[in-house]
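Number of protein chains: 2
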Amino acid sequence: MSVIKGARERARIEVTAAIKQEASKQLAAEGAARLSLRAVARELGMVSSALYRYFPSRDELLTALIIDAYDAIGAAAEQALAGTDGEPPADRWVAVCRAVGAWAVAHPHEYALIYGSPVPGYTAPDDTVGPASRAAFALITIVRDAHRDGLLQPPPGRPLAAPVRADAARLAAEIAPELPIPTIAAIVAVWAQLFGVISFEVFGQFNRMIDARREFLDQAAAGLALQIGLGAAESPAEDTPEGTIAATPEDATTTIPAPDGVLRS
Amino acid sequence: MSVIKGARERARIEVTAAIKQEASKQLAAEGAARLSLRAVARELGMVSSALYRYFPSRDELLTALIIDAYDAIGAAAEQALAGTDGEPPADRWVAVCRAVGAWAVAHPHEYALIYGSPVPGYTAPDDTVGPASRAAFALITIVRDAHRDGLLQPPPGRPLAAPVRADAARLAAEIAPELPIPTIAAIVAVWAQLFGVISFEVFGQFNRMIDARREFLDQAAAGLALQIGLGAAESPAEDTPEGTIAATPEDATTTIPAPDGVLRS
DNA sequence: CAAGAAAGAGAGCACCGCTCTTGCTTTTTG
DNA sequence: CAAAAAGCAAGAGCGGTGCTCTCTTTCTTG
Chain V
1 MSVIKGARER ARIEVTAAIK QEASKQLAAE GAARLSLRAV ARELGMVSSA LYRYFPSRDE
61 LLTALIIDAY DAIGAAAEQA LAGTDGEPPA DRWVAVCRAV GAWAVAHPHE YALIYGSPVP
121 GYTAPDDTVG PASRAAFALI TIVRDAHRDG LLQPPPGRPL AAPVRADAAR LAAEIAPELP
181 IPTIAAIVAV WAQLFGVISF EVFGQFNRMI DARREFLDQA AAGLALQIGL GAAESPAEDT
241 PEGTIAATPE DATTTIPAPD GVLRS
Chain Z
1 MSVIKGARER ARIEVTAAIK QEASKQLAAE GAARLSLRAV ARELGMVSSA LYRYFPSRDE
61 LLTALIIDAY DAIGAAAEQA LAGTDGEPPA DRWVAVCRAV GAWAVAHPHE YALIYGSPVP
121 GYTAPDDTVG PASRAAFALI TIVRDAHRDG LLQPPPGRPL AAPVRADAAR LAAEIAPELP
181 IPTIAAIVAV WAQLFGVISF EVFGQFNRMI DARREFLDQA AAGLALQIGL GAAESPAEDT
241 PEGTIAATPE DATTTIPAPD GVLRS
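Protein sequences, first through last, are from chains V and Z.
So the first sequence is numbered by UniProt numbering: it starts at 1 and just counts up by one.
So the second sequence is numbered by UniProt numbering: it starts at 1 and just counts up by one.
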């Protein structure tokens, strides 16, 4: 099936990739609102109508970029996860949260595309749900591992209301049957909350409030771990040595271009 | 100063209001992306260029709508707060969170305008910061009251990293000097987390996961209260009677129009 | 009342997404 | 192998957008 079929097919693949790449470039530079089919075509030296041979509409192009973005943030999460195999669950959790946050800050427009405001009522095409859950699965893996190793405490807080419990039970059956129901509910809540913090950071809601963005996210992530029951290890003094958490070297390119117009969102 | 100055001035005020109202209507119906100056002008029976006598650009119009939205969600929070005077802090907290969430669900496009994705790097014009903080102040009021009444516990979790502590201390001096620094930091984190949950709900990220939206938000809100140190009252059994929290009658119009195109965001 | 400021109307510019038709090339098929 | 089919680029064009400029009318004010 995956044999090369001929010059035409190969060309199609290449052109499609080029379009996606140029679109991705413009997305990163200017944001989804300013992404223009005509501009992409112009940059590629083709006429705009030719582009419709490859993507039936602008929305379809953006959907492709959405999938890429989900994949990228998922890959960032998985990569961070992979580097933390033996560590205590809370540390692994914070590491993955930090990786996700760093990706978001480094790719604000892509992040906005997937965790910003879509048209409400829009249900994502099924192609997106797979890539979309990669990041979530990375976090779930930590919890499952902790559970396997007997390091998972029950989440704090009042018992679940019945409908929430029902939802969580259904979810548990799908993704992690061995985990306690309250833990599942806590994961979902904490997952949303993590993206609340990241969104506020990326979207500038912390602007005149928090300067120490990285440290703040770490702090919040640690709090979220606690909420799931990924308690600090037995020796809380050793838990998170300041130097490790608060000052990682790879600061990289967190500066954002800061375009002109506000909105058009 | 506020004396009426003449027919012209009065007309200007009225026309400005009419424009804002029509724009608001289109925003609610179609979303910010589809809000068009020309359409607003058309609906008002004027020509599009005339509209520029009142708003110098589309962005300015949207900024006005942003302020309105902040005011509306702030008013919703304050109104919910006002009805909970004698109640235990955790209950008040949940009530305000629920009011904010209900407003967001009822006005998804307006919510997206203020808590969705702006252009990153955009710093809001100073006109917006006042209205923007109304909702936050409502939540802070609960914490201050709890503190005054001796009902505030220190927030759980590890001690603050130094830079976070510095940010929180600066914030504390501005808004609530009597509160402990860790509490301030916890409020900021929890505030962001709350909007994470609400955003996931409004933007459909919970779509195939959580059906019991309202109960889930209550559950999450209760957890957030815990994180601030607004512990459950002394009698945890009486804490949140199922009927009160889980099933409020006013379900109202939570249905979202669900437009066609996905994105254009 | 006349000068000046404010407001509306209209034309026009440079974009946008998208469609349709027209030629040309590659692939498939009789 | 030639003919038919399918894929592709190009161009023109449609209706829409935000925004600017000029011209005329209307109201305010010295």
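Where a beta carbon is used, it is the ideal one built from N, C-alpha and C, also for glycine.
Check whether residue i and residue j have beta carbons under 9 Å apart
i               : j               : result
A176 of chain V : V143 of chain V : yes
R213 of chain Z : F206 of chain Z : yes
Q219 of chain V : G223 of chain Z : no
V164 of chain V : F200 of chain Z : no
P159 of chain Z : G229 of chain Z : no
A72 of chain V  : A102 of chain V : no
M209 of chain V : D167 of chain Z : yes
V188 of chain V : A221 of chain V : no
L194 of chain V : C97 of chain V  : yes
S117 of chain V : S24 of chain Z  : no
Beta-carbon neighbours of residue i, restricted to chain Z and to distances below 7 Å
i               : result
S199 of chain V : G196, S199
P177 of chain V : Here the premise fails: no neighbours, minimum Cβ distance about 16 Å.
C-alpha gap between residue i and residue j, whole angstroms
i               : j               : result
D145 of chain Z : L35 of chain Z  : 42 Å
A58 of chain V  : A39 of chain V  : Before going further, note that residue 58 of chain V is Arg rather than Ala in the sequence given. The straight-line gap from Cα to Cα measures roughly 12 Å.
T128 of chain Z : Y70 of chain Z  : 8 Å
A20 of chain V  : A64 of chain V  : The displayed chain sequence assigns Lys, not Ala, to residue 20 of chain V. The straight-line gap from Cα to Cα measures roughly 8 Å.
A80 of chain Z  : A99 of chain Z  : 6 Å
I181 of chain Z : R8 of chain Z   : 53 Å
V105 of chain V : R12 of chain Z  : 43 Å
E22 of chain Z  : E110 of chain Z : 14 Å
S48 of chain V  : L37 of chain V  : 7 Å
G231 of chain V : E174 of chain V : 25 Å
E60 of chain Z  : A90 of chain V  : 45 Å
S133 of chain V : G45 of chain Z  : 48 Å
R42 of chain Z  : E14 of chain Z  : 17 Å
R170 of chain V : Y115 of chain Z : 30 Å
D85 of chain V  : A28 of chain V  : 32 Å
L263 of chain V : R92 of chain V  : Because the pLDDT at L263 of chain V is just 39, under 50, the model does not fix this residue reliably, and the point stays unresolved.
E238 of chain Z : A136 of chain V : For E238 of chain Z, the pLDDT reaches just 39, beneath the cut-off of 50, and the residue's location in the model is therefore unreliable, although a value from the coordinates is still provided. If you take the alpha carbons of E238 of chain Z and A136 of chain V, they lie about 35 Å apart.
E78 of chain V  : L139 of chain V : 9 Å
L113 of chain Z : Q26 of chain Z  : 13 Å
T141 of chain V : G74 of chain Z  : 38 Å
G83 of chain V  : A185 of chain Z : 29 Å
L62 of chain Z  : Y54 of chain Z  : 13 Å
Residue-level contact to chain V via CB, residue i, 9 Å cutoff
i               : result
Q153 of chain Z : no
D127 of chain Z : no
E87 of chain Z  : no
F137 of chain Z : no
V47 of chain Z  : no
L51 of chain Z  : no
D239 of chain Z : Because the pLDDT of D239 of chain Z is 40, which lies under 50, any placement of that residue in the model is unreliable, and the number read from its coordinates should be weighed accordingly. Yes, D239 of chain Z lies at the interface with chain V (some Cβ there is under 9 Å from its Cβ).
A185 of chain Z : yes
Listed by chain order, chain V residues near residue i by CB distance under 8 Å
i               : result
M209 of chain Z : D167, L171, V188
Chain Z within 9 Å of residue i, Cβ atoms only
i                      : result
S117 of chain V        : yes
P131 of chain V        : no
Q205 of chain V        : yes
E14 of chain V         : no
L81 of chain V         : no
residue 286 of chain V : This structure gives no information on residue 286 of chain V, because the portion of chain V shown stretches from 1 to 265.
Listed by chain order, chain V residues near residue i by CB distance under 7 Å
i               : result
G223 of chain Z : G157, A189, Q227
Q193 of chain Z : Q193, G196, V197
Neighbour-count burial assignment, residue i, 16 or more Cβ in a 10 Å radius
i               : result
I66 of chain V  : buried
Y52 of chain V  : exposed
A95 of chain V  : buried
P108 of chain Z : buried
A32 of chain Z  : buried
P56 of chain V  : exposed
A17 of chain Z  : exposed
A50 of chain V  : exposed
Contacts of residue i in chain Z (Cβ-Cβ under 8 Å)
i               : result
L160 of chain V : Q219
A75 of chain V  : Those do not exist, as A75 of chain V stays about 19 Å from chain Z at its closest Cβ, beyond 8 Å.
Chain-ordered chain V contacts of residue i [CB-CB under 9 Å]
i              : result
S55 of chain Z : Sequence inspection shows Phe at residue 55 of chain Z; the Ser mentioned does not correspond to that position. The premise fails here: F55 of chain Z is roughly 13 Å from chain V at the closest Cβ pair, so nothing lies under 9 Å.
A64 of chain Z : Neighbours of A64 of chain Z on chain V: none; closest Cβ ~12 Å, over 9 Å.
A99 of chain Z : None at all; the shortest Cβ gap to chain V is about 18 Å.
Under 9 Å by beta carbon: chain Z residues contacting residue i
i               : result
V164 of chain V : I210, A212, E215, F216, D218, Q219, A246
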